[in-house]
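Participant: Structure incoming, see below.
Protein chains: 2
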Amino acid sequence: MAKTEFRALTVDEAVARLTPPAPTLICFHTRPDGDAVGSAFALSLWLAAMGSRCYCVCADEVPQYLSFLSADLQESVLAESIPTGFENARIVTVDTASPAQMGSLFEHFGDRVSLMIDHHGTGTPYADHLVVPQAAACGEVIFDLIAASGVDVPPRTASLLYAAISSDTGCFRYSNVTESTHLHAAALVKQGIDTAEINRRLFETRSYQGLKAEKAGFERLRFFEEGKIAIITFPYALQQELDVREEHLGTLIDVARCVAGVEVAVAIRGTIKGDFRVSLRSNVDFDVAAVASSFGGGGHVRAAGATVSADSIEEAQEKVLVALRLARS
Amino acid sequence: MAKTEFRALTVDEAVARLTPPAPTLICFHTRPDGDAVGSAFALSLWLAAMGSRCYCVCADEVPQYLSFLSADLQESVLAESIPTGFENARIVTVDTASPAQMGSLFEHFGDRVSLMIDHHGTGTPYADHLVVPQAAACGEVIFDLIAASGVDVPPRTASLLYAAISSDTGCFRYSNVTESTHLHAAALVKQGIDTAEINRRLFETRSYQGLKAEKAGFERLRFFEEGKIAIITFPYALQQELDVREEHLGTLIDVARCVAGVEVAVAIRGTIKGDFRVSLRSNVDFDVAAVASSFGGGGHVRAAGATVSADSIEEAQEKVLVALRLARS
């Protein structure tokens, strides 16, 4: 599905393509995050100010915790709710690195995307024209487009772009943050936006189910190798008993990882299929991706995952422990 | 103890006072945080590079979680360990807004502080000369001094100043963050420091006791007013049973505050004296300081506290609930 003929545009060239008013559909990736939603609606407000009728569209609805970004601008982002008048619209994607990330939108629009705006440096080109610099967030790229057009970034748009950048950097915590990220944030903060409130909504609101899962996980936290390895096992039966789903178990690994003295954290959860999903995190110079790959998994040096077959969660834990001890020795 | 005769210096004047080499003691506040430790040691490295022998000193030792900032520079920061040669040293304080914050150092040095470097805009002047602009962190002020002296900020110093700024802003989450904060961060990130690792050490390492207290608090979390008020009670007997101390209970309020839908969060803990310490947080436009002040306490609109007398923690909770309902009606 990748294109072999495409043209990478400079920021100025992209502005020139976007400036002429035309009905525009702005697509963003499935299971949208703050960068996708913030970038899409910021682009939409900017193009609308220049006379284009815009509509933001995604294969999935904006999740509840991000609705503060877009609810007053659009009720829904599903393809079914696209108003009339967008039949021959210009199609632009944001924060969508590959056709697969368009999900079900790809069959509607995948073959006629005129501009792909992303920030991953690489990706799978699927549009005629691309703007894909290396940046921490797509919000940085949208900011650069607006700035290059010579207009100011109004506060509402600044809030969206700040949310985009903060979201993709874990509020400036991750290693993808560069000098440029902070310079963009400075320019956005200058517009007088309530960054503390945006960050509270992005990062400090948790589901009760998620907290319940963390608490149960904490009770099952075990330490090995003088406290340097921390493992949480979470059997499938416990998920049923607590009525928690996979989406509530994403922070389980953090419970193990954040304990003082822990070098390698592991979360093992049972699945409905009977195998075990293992997440690995390293707080030190130890490659957990190598351990994950010994089980057919993969990832990065400090964050990796694999699926392990075993007759019980205890056996899965033992297999992981053996692999960790071998790799550490 | 406050001075009535003092002089506020510009950054350039402060640089001129600090440049001449002289033995220098750099004092920072009791119960030191990342801004205090980072600012003190960054100042120390800069003055040392200009030929001054420096020693950083505090009434309390640097806490374990911050030792990565200073352990390679000084083994201890207690007054007892000051080497010889500092008997008539120039005394500079950083991040210390009042004489009380010097703790036991005040009796040693309080009457001969030559320069107070702080960032709170106001404060209680106790030195002959002050540099106290309004900034999110003292680290911003130290950066400005170094920059004004015309030298580069080396990576080791940049790490200290980044830690100082990130620490006092909750990694850029709090409302004290300004355009200037991000511009300072940009300049520091440019030096090629490992900000992700600094943030992990500052924010993602927790004590096992603290996690234990949070989980016990979660079990005691109760909701009122359709889930808009969340209250955690933590009896003194439970603290003894779990062997947790006051320092482990600081994040209890966050457990209540972060649940989706909660507008006002309350944590009530029993004390050894038999009264009850109440912490209040507001996620919405509701003034918890007013509620706290009805119990003789105080604070800010969104974060406040008070001590409540009652015969039991249940009665204390009822008193707080009545006050909250009254204020909300």
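Chains as they are written, first to last, in the working numbering: chain R, 1 to 329; chain Z, 330 to 658.
For every residue, glycine included, the Cβ atom is placed at its ideal position computed from N, Cα and C.
Nothing here was measured: the structure is a model prediction, and the numbers come from that model.
Please name the residue, chosen from Z/E436, Z/L609, Z/D497 and Z/A429, that lies closest to Z/V630 on a Cα-to-Cα basis.
Facilitator: Nearest C-alpha to Z/V630 among Z/E436, Z/L609, Z/D497 and Z/A429: Z/L609.
Participant: So with CB distances below 8 Å, who are the chain R contacts of Z/V506?
Facilitator: V189, T195 and A196
Participant: For chain Z, find out if any of its Cβ atoms is closer than 8 Å to the Cβ of R/Y174; answer yes or no.
Facilitator: yes
Participant: Quick check for students: name the residue ranges of the alpha helix (DSSP H) that lie wholly in the stretch 110-196 of chain R, counting only runs of 4 or more.
Facilitator: The qualifying runs are 138-148, 155-168 and 179-189.
Participant: According to the Cβ coordinates, are Z/L517 and Z/A343 closer than 8 Å?
Facilitator: no
Participant: Do you know whose CA, among R/L43, R/S67, R/E246 and R/K228, lies nearest R/I91's CA?
Facilitator: R/L43
Participant: State the beta-bridge partners of R/F223 as determined by DSSP.
Facilitator: R/A230
Participant: In terms of residues, what are the limits of the beta strand (DSSP E) holding R/I253?
Facilitator: R/I253 -> not in any beta strand (DSSP E); alpha helix (DSSP H) instead, spanning L252 to R257.
Participant: Under a three-way DSSP split, which group does Z/A589 fall into?
Facilitator: coil
Participant: R/T205 versus chain Z: which residues are under 7 Å apart at the beta carbon?
Facilitator: C587 and A589
Participant: Would you call R/D168 buried or exposed, if buried means 16 or more other Cβ atoms sit within 10 Å of its Cβ?
Facilitator: buried
Participant: Which residues in chain R have a C-beta closer than 7 Å to the C-beta of Z/F547? List them in chain order.
Facilitator: L211 and K215
Participant: Identify the continuous alpha helix (DSSP H) that holds Z/F370 and give its terminal residues.
Facilitator: G363 to A378
Participant: Given a threshold of 16 other Cβ atoms within 10 Å of its Cβ, counted over all protein chains shown, does R/N283 qualify as buried or as exposed?
Facilitator: buried
Participant: For Z/F472 versus Z/L489, is the C-beta spacing smaller than 8 Å?
Facilitator: no
Participant: Of the choices R/L202, R/A216, R/S98 and R/V288, whose alpha-carbon is the least far from that of R/M116?
Facilitator: R/S98
Participant: What are the start and end residues of the alpha helix (DSSP H) that includes R/Q313?
Facilitator: Here the sequence assigns Ile to residue 313 of chain R, which means Gln is not the residue at that position. Counting along the chain, the alpha helix (DSSP H) containing R/I313 begins and ends at I313 to R328.
Participant: With a threshold of 8 Å between beta carbons, is Z/Y491 in contact with chain R?
Facilitator: no
Participant: Would a check of beta-carbon distances place Z/A514 closer than 8 Å to chain R?
Facilitator: Yes, contact with chain R.
Participant: Any idea what DSSP makes of Z/R535, helix, strand or coil?
Facilitator: If DSSP states are grouped into helix, strand and coil, Z/R535 belongs with the strands.
Participant: Relative to the C-alpha of R/G355, which candidate in Z/Y537, Z/A378, Z/E592 and Z/A351 has its C-alpha closest?
Facilitator: In the structure as shown, chain R begins at 1 and stops at 329. Residue 355 of chain R is therefore absent and cannot be evaluated.
Participant: Run through DSSP, which three-state label would R/G217 get?
Facilitator: helix
Participant: Given 8 Å as the limit, is there contact between the stretch 130-142 of chain R and the stretch 174-186 of chain R, that is, 3 or more CB pairs closer than that?
Facilitator: yes
Participant: Between the Cα of Z/A585 and the Cα atoms of R/L211, R/A256, R/I232 and R/D118, which residue gives the shortest distance?
Facilitator: R/L211
Participant: Report, in whole angstroms, the separation of the C-beta atoms of R/I231 and R/R245, which I expect to be a contact under 8 Å.
Facilitator: Between R/R245 and R/I231 the Cβ distance is about 22 Å, and since that is not below 8 Å, they are no contact.
Participant: Report the neighbours of R/H182 on chain Z: residues whose CB is nearer than 8 Å to its CB, in chain order.
Facilitator: Contact annotation for R/H182 against chain Z: H511, L512, A514, A515 and V518 [CB-CB distance below 8 Å, chain order].
Participant: Between the alpha carbons of R/H248 and R/A8, how many angstroms are there, rounded?
Facilitator: 40 Å
Participant: How long is the line joining the alpha carbons of R/I193 and Z/K519, rounded to whole angstroms?
Facilitator: Approximately 25 Å between the Cα atoms of the pair.
Participant: Taking the straight line between their C-alpha atoms, what separation do you get for R/S52 and R/A59?
Facilitator: Here the alpha carbons of R/A59 and R/S52 stand approximately 22 Å from one another.
Participant: Consult DSSP for R/S282 and reduce its assignment to one of helix, strand or coil.
Facilitator: Strand at R/S282.
Participant: Should Z/V593 and Z/K557 be called a contact, given that it needs their Cβ atoms to be closer than 8 Å?
Facilitator: yes
Participant: Between the beta-carbon of Z/A633 and the beta-carbon of Z/G627, is there less than 8 Å?
Facilitator: yes
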